[in-house]
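These notes concern the structure reproduced below.
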Amino acid sequence: MKLKNILFTLFFLSIIQFTMAQVTPIETVTDAKQTTYSTKSYNNYDTTFKNQSYDLIRKLQENLRLVDNVDLTFIKSCVLNDTSLQNTNSIFYVEYIVNQNGNVLGCRLINYGNKVSLSNNEVECILTAAMNNTFSFNNIPNDVNDFYSRIMKRYVFK
Amino acid sequence: MLNCVEVSCSDSGGGGSDNDDGGPYTTDNGGNEGIEGGGGGGPGSTTTSPTTGTLPSPTWIANELNINLTAAQIDYLIDYPNIFDEVRNFLDRNRHSQEAEDFVRAAIDALINNGEVDFDTQTIIRTNFNTDSLTESQKRLFIIAKNELLNNCLGAALLEAVDRANVTMGATSLGEYNPNTNTISFRSNNDINSTTLGAELMHAYQQQLYGTLSDIFNGTNNVGGSNMEFEEKAFNIKKDMLDIDTGMFTYPGEQGLTNWLIDLDINHPTGPIILSQSELDGWFEALEEFQQFHEGNPDHYGDPINYNQNPDAILNLINNVLESDCN
Chain A
106 MKLKNILFTL
116 FFLSIIQFTM
126 AQVTPIETVT
136 DAKQTTYSTK
146 SYNNYDTTFK
156 NQSYDLIRKL
166 QENLRLVDNV
176 DLTFIKSCVL
186 NDTSLQNTNS
196 IFYVEYIVNQ
206 NGNVLGCRLI
216 NYGNKVSLSN
226 NEVECILTAA
236 MNNTFSFNNI
246 PNDVNDFYSR
256 IMKRYVFK
Chain B
4 MLNCVEVSCS
14 DSGGGGSDND
24 DGGPYTTDNG
34 GNEGIEGGGG
44 GGPGSTTTSP
54 TTGTLPSPTW
64 IANELNINLT
74 AAQIDYLIDY
84 PNIFDEVRNF
94 LDRNRHSQEA
104 EDFVRAAIDA
114 LINNGEVDFD
124 TQTIIRTNFN
134 TDSLTESQKR
144 LFIIAKNELL
154 NNCLGAALLE
164 AVDRANVTMG
174 ATSLGEYNPN
184 TNTISFRSNN
194 DINSTTLGAE
204 LMHAYQQQLY
214 GTLSDIFNGT
224 NNVGGSNMEF
234 EEKAFNIKKD
244 MLDIDTGMFT
254 YPGEQGLTNW
264 LIDLDINHPT
274 GPIILSQSEL
284 DGWFEALEEF
294 QQFHEGNPDH
304 YGDPINYNQN
314 PDAILNLINN
324 VLESDCN
């Protein structure tokens, strides 16, 4: 019985680890203006988003309204022990690709200005939390069933 | 953040009851003398009238405030006791300085002309939207949309810049602006929202500033049509960026514009912004991305670019925000 419990716990932990590991590996791109950390799936979903028909994109642009209850304070929690970030006024953007249900399919963190550097653990913590966010929409056009949209949110670290 | 004191705010469904149809001073049958805020539509503080059972006289108003006002201004205060209270409190707070008295006179004039006033930040927004052709429910939606814009610093700057427009229904797309008649129109009630209103007001401001929209939209010379639509997108993206807690959609063809606005935000924390040549080049690069994405489509998004048309309208608005204490 005890062994069974241990095996179940190990199995359960491995599932959690697998789920958590979805955001890694992280792809990092740095240029003079910014550093971007993307989940592995981000670029594929971004391409899918951009490849939607012109008519659909225009229809979404004209009608779709975002209901946003996402709070980015998890960024602060993820870098809580990082004193190098204190009082830097660093601006972070999180960009999400979401489906018609508001579920996040991929996301990326953009560190504008490269004022600070983030550790791998910090980035992973942020992207993992961001992947668990959900959005909802108002005014979805009647004749549209499936679509992707891209949402950007700003967070100023003070 | 502006918190407007607006004559028509009271019928916006935002918590106040209708009180713009007449004098909301209430006269108590029991002989209580008083000027009271109208039915929840105003601040509702109470002052004492010198006359029993009758409306306060112009002389009483003038004496109570101890300021020179025109007959029209006094009549307005008689009709709107909540504004009277605001004025009296404002004058008391500012010890009846000359500046405060001047502000009060200008504020009442603006309110008479359907403008908005924030006594806390000493802001007057003179707007005059002719909404006569809208139904009451459409007027309410319009006021809600306008107030949403007012609660955004860039939106407030735009409302301050555009002081006059007609508002109608009957658009074939969700919102349209006719530069010949200075008319904003909406397609349906559902389209009367701050995003559509902001977009069409931006075109009204462009017409005010550049004066070229008649030619572009009438099809006599559509060079620069993409500039106008692109700059309108810049307004709504920047407006959303200022709402720090709210996410915004980013669409294909506008990625470069979003990045350009973010760079501007980071590189110019204070104003006024004067664009460098590289920033101007960046604007036109982003505009090319936008124009190419929309090229060949029947609206003005894909019109040829006018490389001599700088983004003065959006820059003016951003500078107005940076130079104000709005945040």
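Residue numbers (my numbering), protein chains in the order written: chain A, 106 to 263; chain B, 4 to 330. From the three backbone atoms N, C-alpha and C, an ideal C-beta is built for every residue, glycine too.
Along the segment 245–259 of chain B, the positions whose C-beta sits under 7 Å from a C-beta of chain A are 247, 249, 250, 251, 252, 253, 254 and 255, read in chain order. Residue 167/B and residue 228/B have their C-alpha atoms roughly 23 Å apart.
Only those residues of the segment 222–241 of chain A whose C-beta falls short of 8 Å from the nearest C-beta of chain B are listed: 240. Residue 159/A belongs to the set of residues whose beta carbon lies under 9 Å from a beta carbon in chain B. The secondary-structure analysis by DSSP pairs residue 121/B across a beta bridge with 126/B.
Residue-level contact check: residue 306/B does not touch chain A, since none of the beta carbons of chain A fall below 9 Å from its beta carbon. Secondary structure note for residue 322/B: its alpha helix (DSSP H) is the uninterrupted segment 315–326. If you keep only unbroken beta strand (DSSP E) runs of at least 3 residues inside the segment 179–259 of chain B, you get 186–189. Collapsing the DSSP output to three states places residue 291/B in a helix. Under the Cβ distance rule, residue 209/A does not count among the residues neighbouring chain B, no pair being separated by less than 9 Å.
Counted as a single uninterrupted DSSP element, the stretch harbouring residue 239/A is not any beta strand (DSSP E), since DSSP gives it neither H nor E. Within chain A, no residue has its CB atom less than 9 Å from the CB of residue 204/B, the nearest being about 17 Å off. For residue 225/B against residue 306/B, the beta-carbon gap comes to about 5 Å, under 8 Å, which counts as contact. Not a single C-beta of chain A is nearer than 9 Å to the C-beta of residue 281/B. By the Cβ test, the segment 234–250 of chain A is not in contact with the segment 233–242 of chain B, since fewer than three Cβ pairs between them sit closer than 8 Å. Nearest neighbour of residue 197/A by Cα position, chosen from 211/A, 210/A, 216/A and 186/A, turns out to be 216/A. For residue 113/B, the CB contacts under 8 Å within the same chain, skipping 5 residues up- and downstream, are 119, 120, 127, 128 and 129 in chain order. In terms of Cβ geometry, residue 323/B and residue 74/B do not form a close pair [threshold 9 Å]. No residue range can be given for residue 174/B, since it is assigned to no alpha helix (DSSP H) and is classified by DSSP as neither H nor E.
With distances taken between CA atoms, residue 309/B lies nearest to 216/B out of 216/B, 156/B and 106/B. Where residue 210/A is concerned, the enclosing beta strand (DSSP E) starts and stops at 209–217. Listed by position along chain A, the residues whose Cβ is nearer than 9 Å to that of residue 269/B are 138, 196, 217 and 218. Judged by beta-carbon spacing, residue 222/B lies beyond the 9 Å limit of residue 158/B, meaning their Cβ atoms are not closer than that value.
Rounded to whole angstroms, residue 243/A and residue 205/B show a C-alpha spacing of 24 Å.
A buried status is given to residue 318/B, since no fewer than 16 other beta-carbon atoms sit within 10 Å of its beta-carbon. Of the residues assessed, residue 142/B falls on the buried side of the cut-off, its CB having 16 or more other CB atoms within 10 angstroms. DSSP, read as helix, strand or coil, puts residue 145/B in helix. Spatial neighbours of residue 234/A in its own chain (CB-CB distance under 7 Å, excluding positions within 5 residues in sequence) are listed in chain order as 179 and 183. In chain order, 167 make up the part of chain A whose C-beta sits under 7 Å from the C-beta of residue 177/B. Contact check for residue 99/B against residue 70/B passes: the beta carbons are separated by less than 9 Å. A Cβ-Cβ contact shorter than 9 Å links residue 260/B with residue 290/B. Judged by pairs of C-beta atoms under 8 Å, the segment 138–153 of chain A touches the segment 202–212 of chain A, as three or more such pairs exist. For the options 258/B, 192/B and 151/B, the alpha carbon positioned closest to that of residue 138/B is the one of 192/B. For residue 150/A, the enclosing alpha helix (DSSP H) covers residues 147–155. Taking 9 Å as the threshold, the shortest C-beta distance from residue 71/B to chain A does not fall below it.
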